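First the structure, in the form of structure tokens, and then the observations on it.
In our numbering, the protein residues as written are 88 to 538.
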């Protein structure tokens, strides 16, 4: 299996589950995970995928195993931010969604460390199997703990369980000042939105399908028929597509290859430096995303991504790559300095990405009204994995056809286009309830306030 096939296998299994998960979440909520048959089916599916990776000895078995794991990862990447957003108080929603991303980046750091340990001290024949197998431990732990998690208040209200919804809101709100008033106001706003959407559906004659293959029809019809829903989908898909088309995951997939090309003696440890940078600045995002705001943090961070990419392009112009793209001549001081410049510029790019695009797209559920929130978020997440697949497919061919300098310049252009679209269309949702945030897209300015 060559280096280009690896990211394609990594992302191909993640795409389709997002398309179906939205309607399933709307229909079943999280209750399906709390029922023992669903719980054990999910655990067995994940275990089967990891077993295929752990015990497989042929490429087809490995591909099937990774695809099964990818199905679980793809669904989780959409469901978890949606669940957090619906459960969290408005003042802390951005930070709590970012906590999810923080643990993803922490997992990447741990994976690099474990990978380096096995590469240096483990068996080449079995070390990688231990690396894969260890991934089952947090998955099993999550499956056990999910039983104790509550349903979201919005799903409970739709299901007619008003008292349970009030109790969940009370637990989440805690002992803040005027907690009882806040609980009742939050519950009232949710009930108003549910009634308005049901009334709008009744007046328009749109059908509400409750399960099976037709469960997609109603939400999809409403998603494209209502102007604010179309706008929400456009913004969410823009951010999710930009998150991948900016080239970040290509750097993560091929970081060891890139640093080997640049002549670093231990490329895995160099990649670890990049992963640690991602972790540190994700923590910075955690501390700032609710205070600065989603829109402003994107407008502040994307320009630094562009600077990092252009500096990388400039650095690559001084490095002469070999014909097999695995080694490079770095004996000249200019080439050595260029390699360090590329490492430094990639760290700038990764830091800016971690603060903005690494987190804000996963707050996409803020944009959608309740009736289409799961379906819209599922389509946007599918856009993310589809763009991820495209970038993984094209990165090495672009490096070969355009040269690394022009490849990084191309990603900088994508970021510049994305920046202009964010400036024009992305509203500020920080501090607003989900109901208030969704209503921003009603006016002609898409809820954007430039001052």
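Even glycine gets a Cβ: it sits at the ideal position worked out from N, Cα and C. Since this is a predicted model, take the numbers as computed values, not measurements.
Would you kindly report the start and end of the unbroken alpha helix (DSSP H) that includes residue i?
i, result
"residue 475", "460-512"
"residue 256", "249-260"
"residue 191", "180-208"
"residue 240", "240-245"
"residue 231", "223-232"
"residue 324", "314-332"
"residue 526", "521-526"
Could you compute how far the alpha carbon of residue i sits from the alpha carbon of residue j?
i, j, result
"residue 309", "residue 315", "10 Å"
"residue 526", "residue 456", "8 Å"
"residue 380", "residue 517", "5 Å"
"residue 528", "residue 475", "28 Å"
"residue 224", "residue 171", "22 Å"
"residue 358", "residue 479", "17 Å"
"residue 306", "residue 390", "36 Å"
"residue 195", "residue 236", "25 Å"
"residue 531", "residue 449", "25 Å"
"residue 416", "residue 152", "For residue 416, the pLDDT reaches just 45, beneath the cut-off of 50, and the residue's location in the model is therefore unreliable, although a value from the coordinates is still provided. Taking the straight line joining both Cα atoms gives about 39 Å."
"residue 356", "residue 222", "21 Å"
"residue 192", "residue 185", "10 Å"
"residue 378", "residue 177", "12 Å"
"residue 120", "residue 259", "Because the pLDDT of residue 120 is 43, which lies under 50, any placement of that residue in the model is unreliable, and the number read from its coordinates should be weighed accordingly. Roughly 21 Å separates the two Cα atoms."
"residue 280", "residue 216", "50 Å"
"residue 328", "residue 505", "9 Å"
"residue 317", "residue 311", "5 Å"
"residue 394", "residue 432", "8 Å"
"residue 535", "residue 376", "18 Å"
"residue 228", "residue 164", "17 Å"
"residue 267", "residue 319", "32 Å"
"residue 322", "residue 346", "35 Å"
"residue 117", "residue 368", "Bear in mind that a pLDDT of 46 at residue 117, under 50, signals an unreliable position, so the number given afterwards is only what the model happens to contain. Distance between the alpha carbons of residue 117 and residue 368 is about 31 Å."
"residue 124", "residue 230", "For residue 124, the pLDDT reaches just 41, beneath the cut-off of 50, and the residue's location in the model is therefore unreliable, although a value from the coordinates is still provided. Going by the C-alpha atoms only, they are around 12 Å apart."
"residue 210", "residue 158", "29 Å"
"residue 520", "residue 197", "35 Å"
"residue 220", "residue 248", "41 Å"
"residue 204", "residue 361", "17 Å"
"residue 313", "residue 149", "43 Å"
"residue 429", "residue 399", "5 Å"
"residue 343", "residue 286", "55 Å"
"residue 332", "residue 488", "18 Å"
"residue 485", "residue 508", "25 Å"
"residue 218", "residue 226", "14 Å"
"residue 513", "residue 207", "47 Å"
"residue 533", "residue 201", "46 Å"
"residue 407", "residue 350", "11 Å"
"residue 250", "residue 167", "24 Å"
What whole-angstrom Cβ distance do residue i and residue j have, given they're in contact under 8 Å?
i, j, result
"residue 524", "residue 454", "7 Å"
"residue 502", "residue 396", "7 Å"
"residue 169", "residue 452", "5 Å"
"residue 567", "residue 522", "Because the chain in this structure spans residues 88 to 538, residue 567 falls outside the shown range and cannot be described."
"residue 232", "residue 252", "Incorrect: roughly 22 Å between the Cβ atoms, too far for contact."
"residue 60", "residue 324", "It is not possible to answer for residue 60, since the shown part of the chain is limited to 88 through 538."
"residue 498", "residue 334", "4 Å"
"residue 382", "residue 515", "4 Å"
"residue 270", "residue 257", "5 Å"
"residue 160", "residue 326", "In fact, because the Cβ distance is near 20 Å, the residues do not count as touching under 8 Å."
"residue 471", "residue 330", "6 Å"
"residue 238", "residue 255", "7 Å"
State yes or no: is the beta carbon of residue i nearer than 8 Å to at least one beta carbon in chain C?
i, result
"residue 436", "Among the chains of the structure shown, chain C does not appear; only one protein chain is present."
For the segment 431-444 and the segment 375-395, state whether three or more C-beta atom pairs, one from each stretch, are separated by less than 8 Å.
-> Yes: the two stretches touch, three or more of their Cβ pairs being nearer than 8 Å.
Assess, as a yes-or-no matter, whether the segment 358-372 is touched by the segment 177-195 under the definition of 3 or more beta carbon pairs within less than 8 Å.
-> Yes, the segment 177-195 touches the segment 358-372.
Does the count of Cβ pairs from the segment 478-497 and the segment 392-406 closer than 8 Å reach three?
-> They touch, by the three-pair rule.
Mind the definition here: the segment 426-438 touches the segment 327-346 only if three or more C-beta pairs lie below 8 Å; say whether that holds.
-> yes
Within the chosen definition, does the segment 423-430 reach the segment 457-471 through at least 3 CB pairs nearer than 8 Å?
-> no
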